[in-house]
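Trainee: Heads up: the sequence lines are chains A and B, in that order.
Counting from 7, one number per residue, gives the positions in the first sequence under the working numbering.
Counting from 557, one number per residue, gives the positions in the second sequence under the working numbering.
Backbone N, C-alpha and C fix where the C-beta goes; we use that ideal spot for every residue, glycine too.
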Amino acid sequence: MQDLLDILNLKTHFQTQEGTIHAVNGVSLSLSDGETLGIVGESGCGKSVTMMSLLRLIPMPPGRIVAGSAHFFGRDLLQVSDTEIRTIRGSQIGMIFQDPMTFFNPVIPIGKQVAEPLEVHRNFTRAQALERAAEMLEMVGIPRARDRLSDYPHQFSGGMRQRAMIAMALICNPKLLIADEPTTALDVTIQAQIIELVLRLREELGMSIIWITHDLGVVAGLAQRIAVMYAGYIIEEALVDEFYANPQHPYAIGLLGSLPRLDANGHKRLVSIDGLPPVLTSEPNSCPFAPRCWLAMERCQRENPQLRYINDKHRVACWVDIDSGKER
Amino acid sequence: MFRYIIRRLLILPLIMTAVSMLIFAMLSLLTPYERASLYVQDISKRPGAIDSIIEKYGLNDPIPVQYWHWLVGRKDANTGEIEGGILRGNLGWSKTGKATVWEVIARRMPATAELAIWAGIPMILIGVGLGVISAVNHNKLPDQVLRVISIVGWSIPVFVFGLLCLMFFYARLGWFAPGRLSDWAMQVVQSDSYRVYTGMYTVDSLLNLRLDIFRNAVSHLVLPSVTLAYLNWAYMLRLTRSSMLDTLSQDYMTTARAKGLTERLVILRHALPNGLIPVVTIGAIMLIGLLNGVVITETIFDYPGMGSFMAQSALSLDVISVLGITLFSAFILISGNLIVDILYGIIDPRIRLD
Ligand SMILES: Nc1ncnc2c1ncn2[C@@H]1O[C@H](COP(=O)(O)OP(=O)(O)OP(=O)(O)O)[C@@H](O)[C@H]1O
Ligand SMILES: [Mg+2]
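(1) Listed from N- to C-terminal order along the chain, which residues in the segment 126 to 141 of chain A have their beta-carbon within a distance smaller than 8 angstroms of any beta-carbon of chain B?
(2) What does A:I216 pair with, by DSSP beta-bridge criteria?
(3) Pick helix, strand or coil for B:S781, following the three-state DSSP scheme.
(4) List, from N- to C-terminal side, the alpha helix (DSSP H) runs of 4 residues or more that fit wholly inside the segment 243 to 267 of chain A.
(5) Just tell me which of A:G25, A:Q23, A:G50 and A:A251 has its CA closest to the CA of A:M235.
(6) Let me know the secondary structure DSSP gives A:H320 once reduced to three states.
(7) Can you list, in chain order, the residues of its chain whose CB lies under 8 angstroms from that of A:P65, leaving out five sequence neighbours each side?
(8) Taking B:L889 as part of the alpha helix (DSSP H), name the residues at either end of that continuous run.
(9) Checking the sheet assignment: what are the DSSP bridge partners for A:Y239?
(10) Just checking my contact of B:T796 with B:G683 at CB under 8 angstroms: how many whole Å lie between their CB atoms?
(11) Tell me, please, whether the CB atom of B:T818 is closer than 8 angstroms to any CB atom in chain A?
(12) Ignore the nearest five residues each way along the sequence and tell me which others in A:A270's own chain have a CB closer than 7 angstroms to its CB.
(13) For chain B, find out if any of its Cβ atoms is closer than 8 angstroms to the Cβ of A:N111; answer yes or no.
(14) By the three-class DSSP mapping on this structure, what secondary structure does A:D221 have?
(15) Using only the heavy atoms of ligand 2, determine whether one of them is closer than 7 angstroms to the beta carbon of A:E187.
(16) Inspect the CB distances between the segment 804 to 824 of chain B and the segment 98 to 112 of chain A and report whether three or more fall short of 8 angstroms.
(17) If you measure between the beta carbons of B:L647 and B:T656, is that distance less than 8 angstroms?
(18) In three-state terms, what does DSSP make of B:M557?
(19) Return the residue from the list A:R231, A:H28, A:E333 and A:I45 that minimises the CA-CA distance to A:D318.
(20) I need the DSSP call for A:Q230, collapsed to helix, strand or coil.
(21) Residues in the same chain with beta-carbon distance under 7 angstroms from A:A175, minus the five sequence neighbours each way, listed in chain order, please.
(22) Please tell me whether, using a cut-off of 7 angstroms, the distance from the CB of A:S54 to the nearest non-hydrogen atom of ligand 2 is below it.
(23) Below 8 angstroms between beta carbons: does that hold for A:L261 and A:V46?
(24) Please report whether the beta-carbon of A:D105 lies at a distance below 8 angstroms from any beta-carbon of chain B.
(25) Does the beta-carbon of A:N111 have 16 or more other beta-carbons within 10 angstroms, so that it is buried, or is it exposed?
(26) Exposed or buried, A:H28, counting other C-beta atoms within 10 Å across all chains shown (16 or more means buried)?
(27) Can you list, in chain order, the stretches of the alpha helix (DSSP H) that have 4 or more residues and sit fully within the segment 679 to 751 of chain B?
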């Protein structure tokens, strides 16, 4: 399969009062046509910043993309002109966000907001665009959408707003949909409906998806591949089946929940991760997870492990072989 | 919405009553003798005149009785006719204006309205415009410069600024003159061939196709309107700036950019309609509030509007004039606020008035 998106060594920093925050530290990811990739990690690990960097939506200053490339259809998104990146946003790459309330403009009717990408990218007239917006809203499951075009966001329920957000992101039929925790703000039954909707739309429209979430349960049914982020690094990446059957990084295991595992002494124990992820203000010369890791060895304290293939569908950045508890 | 308006309109008379009672209560601070003496010239030559006035107008009556008479009128002991009574539409005779209070209002209100418009519209346009520029260039050079200017503007009181203007532009340079018109222009305006439409010289002169009069009127308006607007445009700038900064940091700005809009469209379509909501309402309240500022400004520039009249009446203890004008201003203020509320309900779809 041809790669649709190829991110190489992306680094994004923020200049703040406390110093330079290293939010993304050399992320490399690729996505092939029609594929769905799940990105998982705790709050603050750099998932959003990675995606926002792709579309150059990072506020600059304080943000700065320090290094890397992101090839999309052969063009490097990080190098193209401002005009060119604008023609890609909303047209070839659609994006949906966590909180559909705050990400909709409160004083503009939903219909107008959903229709807007067509006016900008496809030269539709307002009337044509609204017509298409109504169809799109019907498609994402908003009944009698035509009558609701002039409703304001506060008149929609949370689930309907997220549906409308999806309609807005997909209205130009993009090749790639980036979904940044789109179900986190919704209750469980609505979550399930939204996921079902995205599955159906993927079937019908055939776009690739990057799905960001905290929740490994949610992404299992959606993604073909999963990448786990920690402190701005990808620390594990694998095909879904392989990942759930054979997680390698202690952090990923912790995320997967209380799975019984062997510890360094060969005892079975329940794993949960205490503590908080670090905010990096410089390149670490130890594994950033070491302070929270129950398997940490001497080497973890003095060398940050690189992401390495352990077989052809599985990459992990850890010095410890989880199955033996010994150094790899 | 409709019911809301009705309800607000019903409250109006209540507030007016409260305001007028308050002023009347303050009357008890003055002795009847003090109040009557205003109407007598050359007190020393006409002993007894004051007593007859106290008698004639019932100034010795208890305050509530006087209030009642002021409301519904009072029967004159000699002629037997009912005189005054604001409920009968009679605001009384203004000693200071040498006309009925209504006539004074009719004559002076256009002058004040003209001043408020000339002060208010540029103030809002400039304040809002600079505020938006400041916010969009947050922490860059234009923002820094404007911040300094607005802080300096904010910290100089109106009367100091007005007097400085007067000293410099009028006394020193002789550019602008006090009053409303120069003498020659005043003669034209009062001549028969000149038609009066609104009483606002800048408007009427254009309708009469007299550009020279227009220019003359504007040159008289420049100093008082700048003085009047001065404090407010600095405030407007700061308000717009902070409101726009807040809007620009909202999540939906990211959405707009993620849809591929140009930065210009992002600002025009998505930021301004939100960022200007508080600005519109406060701007409108401020326009109404300008009517407070006119007392000082008109007095400084000898501008014959409601404000300077109010000051004169108050200084000469002309209670009837003060009462009438205050009541009229209260009416304008309250209905202005109602209009602002309705406006708010229109521009912000999240607000439901009921
Ligand atoms: N505008 C900013 N200024 C300074 N630091 C920022 C800014 N935006 C993000 N960061 C920092 O970048 C890091 C990564 O943030 P990011 O939003 O990508 O996390 P996330 O993985 O998306 O978390 P969440 O699950 O909470 O959305 C955080 O440490 C955050 O403090
Ligand atoms: Mg995030």
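Mentor: For this structure:
(1) V126 and H127
(2) A:L43 and A:I184
(3) helix
(4) 246 to 251 and 256 to 261
(5) A:G50
(6) strand
(7) none
(8) V875 to I903
(9) A:Y236
(10) 6 angstroms
(11) yes
(12) Note on A:A270: pLDDT 49, under 50, position unreliable in the model; no value is reported.
(13) yes
(14) coil
(15) yes
(16) yes
(17) yes
(18) coil
(19) A:R231
(20) coil
(21) G100, M101, I102 and L183
(22) yes
(23) yes
(24) yes
(25) buried
(26) buried
(27) 697 to 710, 714 to 721 and 739 to 746
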